[in-house]
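Following: one structure in structure tokens, then a few remarks.
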Amino acid sequence: MTDNQSPHKAIEVGDGAAIPHKSDSGLFTAWRIAFFGAIALCLFLAFGRSDQYMAIFKFVPDGILVTFKVTLGSILLAIVVGLIAGLGRISTNRFINGLASLYVEVIRGIPLLVQLFYIYYALGRFVKIPDMVSAIIAMAVCYGAYMGEIFRAGIQSIPKGQMEAALSLGMSRGQAMRQVILPQAFKVVLPPIGNEFIALLKDSSLVSILAVSDLLRRGREYASETFSYFETYTVIALIYLVMTLFFSKLIGIMEERLNDGR
Amino acid sequence: MKFFRTLTATVTLVAALSVTAFAAPKSIKVATDATWPPMEMVDANKKIVGYDIDFMNAVAKEAGVTVEFKNTAWDGIFAGLDSGQYDAIISSVTITKERQAKYDFTEPYTSIGQILVVPKTDKTSKVIANLKGKKVGAQIGTTGAFEIKKVAGVELKTYDEIGLAFEDMAAGRISGVVCDEPVAAHFALQKKEYRDKFKVVGKSFTKEAYGIVVKKGNTELVALLNKGIKAVKAKKLDVKIHSKWVK
């Protein structure tokens, strides 16, 4: 996770697919090779000699849609949860601060897979929530904790003087936060949020254990019926690869635009 | 040259060891997905037990081999056979044409059928087709799942384990579960948590037979197991095992 930006040397290692930057030519070329290579391989397999691959490509599209829905729903909800958690973590109110810290610590200490089972099956005993919604809630609760730390670091990276200046201009703390600090913090947190998005896209494959018919589940269903494990998982892996590479590029472009506008 | 000498020595040693291993009474590794009570399950002592386990042990005894069970997740159980992680599968595997095309089966050892389980609150549904527009669950890659898929308008939901499907029905997320008759009876009639919630409807609507699965072309093992199955049936041991597990 990104910590307070300091002038010290720091290594940046994202847990998502590496987002290529034009200055990093090695990674940029690797991105091109991987992305176009994966697409070419997909086309070659789909229209190649054996129509088995075509059958797999025809079987999984609704799974891709579900994967998208889960990812998008989770990231949006996780941003909301994360923002609340992040604000809670810097709050001067001891109770709120403690509560937010507790949430972050507890969630970060439990594996996502366990959380998914817990929220889906354990809580399913008490509240009725549809499968997709509970998958999204589970993912958002988990990623919200990481997102909270990103927001906290982002907000704390804005020099304190700005808040003081805003307060001296007669703004309330909330106003200063909304109108001065957060707009700047959003720019800072966008790259790590992009990384989280990619990580979440990949982790969304875990919801297949909840009988949510995502891309991986569809693949498993196909493989378990036809026994073509190698072919199926090759296709599934390629589709995930194309998706993550596509989005990492998209986020990279977005980031560049934002930097230009500075 | 020293490298080659070491290599040769190692190869000889390994060969010698494996010969001794083969000299001992033959042991076969058998995979089972122990999430399918009462056919195969893990008991309170973390031991794999059930109809299939007792049956396999009886067959092995008659055939003069020993068995080592491996608990394996169902949706990868055939892949493990492909890659040689075990020699056979006994896991309530229905003999189907599609499976026979890729794997070899022993003689059928018991027959069962698929059956529908619904919540007790559902007073009308008798067959899967009555659940049009609703979700019906089954374990991934099972004949139960294939049967649901055949019915147009019913949404199939697949689970890693059948227990998770029943739990999801208890939570109200799905309207029915299809599985092998003995398994349905176990969950809907015997399990304390579900007895008051679920009911088995109608009669089983497919005719299926279980077989032990081995890798395609492993005729030696098929012959050995068939010999064992024949002896078990002749001694009526299978009837005893059946009445012990299936109520």
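Protein sequence lines, in the order shown, are assigned to chains D and G. This note's numbering numbers the first residue of the first sequence as 12 and each following residue consecutively. This note's numbering numbers the first residue of the second sequence as 69 and each following residue consecutively. Glycine included, every Cβ here is placed at the ideal spot set by N, Cα and C. These numbers were taken from a predicted model, which means no experiment stands behind them.
Proximal residues to residue i (C-beta, below 7 Å), its chain only, five neighbours per side dropped
i, result
"D/Ala222", "Asp142"
"D/Ala274", "In this structure chain D extends from 12 to 273, so residue 274 of chain D is not present and cannot be described."
"G/Phe90", "Annotation note: pLDDT 49 at G/Phe90 (below 50); position unreliable, no value reported."
"D/Glu242", "Gln63, Tyr64 and Ile67"
"D/Tyr240", "Ala234"
"G/Phe137", "Val98, Thr100, Ile116 and Ile121"
"G/Arg263", "Leu257"
"D/Gly120", "none"
"D/Ile101", "Arg163, Ile166 and Gln167"
"G/Leu199", "Ser193, Val222, Ser243 and Gly244"
"D/Asn104", "none"
Residue i, enclosing alpha helix (DSSP H) - first and last residue
i, result
"D/Asn108", "Arg105 to Arg119"
"D/Gly93", "Pro72 to Arg100"
"D/Gln126", "Leu123 to Phe128"
"G/Pro187", "Here G/Pro187 belongs to no alpha helix (DSSP H); instead the beta strand (DSSP E) covers Gln182 to Pro187."
"G/Glu229", "Counting along the chain, G/Glu229 falls outside any alpha helix (DSSP H), and DSSP gives it neither H nor E."
"D/Arg229", "Leu226 to Thr237"
"G/Ile309", "Leu305 to Trp313"
"G/Tyr262", "Lys260 to Arg263"
"D/Arg136", "Per DSSP, D/Arg136 belongs to no alpha helix (DSSP H) and is neither H nor E."
Beta-carbon proximity list for residue i, same chain, < 8 Å, skipping 5 on both sides
i, result
"D/Ile50", "Val253"
"G/Lys170", "Phe146 and Lys284"
"G/Tyr227", "Gly205, Ala206, Gln207, Ile208, Ala233 and Asp236"
"G/Ile242", "Lys202, Lys203, Val204, Gly205, Lys225, Ala233 and Asp236"
"D/Tyr131", "Asp142, Ser145, Ala146, Ala149 and Leu221"
"D/Leu211", "Thr82, Ser85, Ile86, Ala89, Met150 and Tyr154"
"G/Glu324", "Any property of residue 324 of chain G remains undetermined from this structure, which presents chain G solely from 69 to 315."
"G/Ile309", "Tyr119, Asp122, Phe123 and Ala126"
"G/Trp313", "Pro106, Met107, Gly118, Tyr119, Asp122 and Pro250"
"G/Gly328", "Residue 328 of chain G lies beyond the range of chain G shown here (69 to 315); nothing can be said about it."
"D/Asp225", "Gly74, Val77, Thr78, Val81, Ser215, Ser216, Val218 and Ser219"
DSSP three-state assignment for residue i, whether helix, strand or coil
i, result
"G/Ser151", "coil"
"G/Lys129", "helix"
"G/Met109", "strand"
"D/Leu178", "helix"
"G/Thr274", "coil"
"G/Asn294", "helix"
"D/Glu160", "helix"
"D/Ile220", "helix"
"D/Pro203", "helix"
"G/Lys165", "helix"
"G/Phe173", "strand"
"D/Ile44", "helix"
"G/Ala91", "Because the pLDDT at G/Ala91 is just 46, under 50, the model does not fix this residue reliably, and the point stays unresolved."
"G/Gly244", "strand"
"D/Ala149", "helix"
"G/Val98", "strand"
"G/Ala239", "coil"
"G/Lys191", "coil"
"G/Thr211", "helix"
"G/Ile116", "strand"
"G/Val281", "strand"
"G/Glu220", "Here the sequence assigns Ala to residue 220 of chain G, which means Glu is not the residue at that position. In the structure shown, G/Ala220 sits in coil (DSSP, three-state: anything other than H, G, I, E or B)."
"D/Ile166", "helix"
"G/Ser179", "strand"
Contacts that residue i makes with chain G (C-beta to C-beta distance below 8 Å)
i, result
"D/Ile220", "Asp228"
Contacts that residue i makes with chain D (C-beta to C-beta distance below 8 Å)
i, result
"G/Glu235", "Tyr132 and Gly135"
"G/Asp143", "Arg231, Ala234 and Ser235"
Where residue i meets chain G, residues with beta-carbon distance less than 9 Å
i, result
"D/Asp271", "By Cβ distance, chain G contributes nothing, its closest Cβ being about 47 Å from D/Asp271, past 9 Å."
"D/Asp142", "Lys203, Lys225, Asp236, Arg241 and Ile242"
"D/Lys139", "Ala239, Gly240 and Arg241"
Host beta strand (DSSP E) of residue i (start-end)
i, result
"G/Glu136", "Thr134 to Asn139"
"D/Asp62", "From DSSP, D/Asp62 is part of no beta strand (DSSP E); its letter is neither H nor E."
"G/Phe266", "Phe266 to Val269"
"G/Gln207", "Lys203 to Gln207"
"D/Glu242", "Taken as a continuous stretch (DSSP letters only), D/Glu242 belongs to no beta strand (DSSP E), being part of the alpha helix (DSSP H) at Tyr240 to Asp271."
Partner residues on chain A for residue i, Cβ-Cβ distance less than 7 Å
i, result
"G/Ala147", "Absent here is chain A; the protein component of the structure consists of chains D and G."
Cut-off 6 Å between Cβ atoms - residues of its own chain near residue i, not counting five sequence neighbours on either side
i, result
"D/Phe46", "Leu256"
"G/Ala220", "none"
Chain-ordered chain D contacts of residue i [CB-CB under 7 Å]
i, result
"G/Ile208", "Arg231, Glu232 and Ser235"
"G/Lys170", "Phe238"
Short-range partners of chain G found in the region 224-243 of chain D, where Cβ spacing is below 8 Å | Ser224, Arg228, Arg231, Glu232, Ala234, Ser235, Glu236, Thr237, Phe238 and Tyr240
Please name the residues in the region 56-84 of chain D whose beta-carbon is closer than 8 Å to at least one beta-carbon of chain G, in chain order.
-> Contact residues of the region 56-84 of chain D toward chain G are absent (C-beta to C-beta distance below 8 Å).
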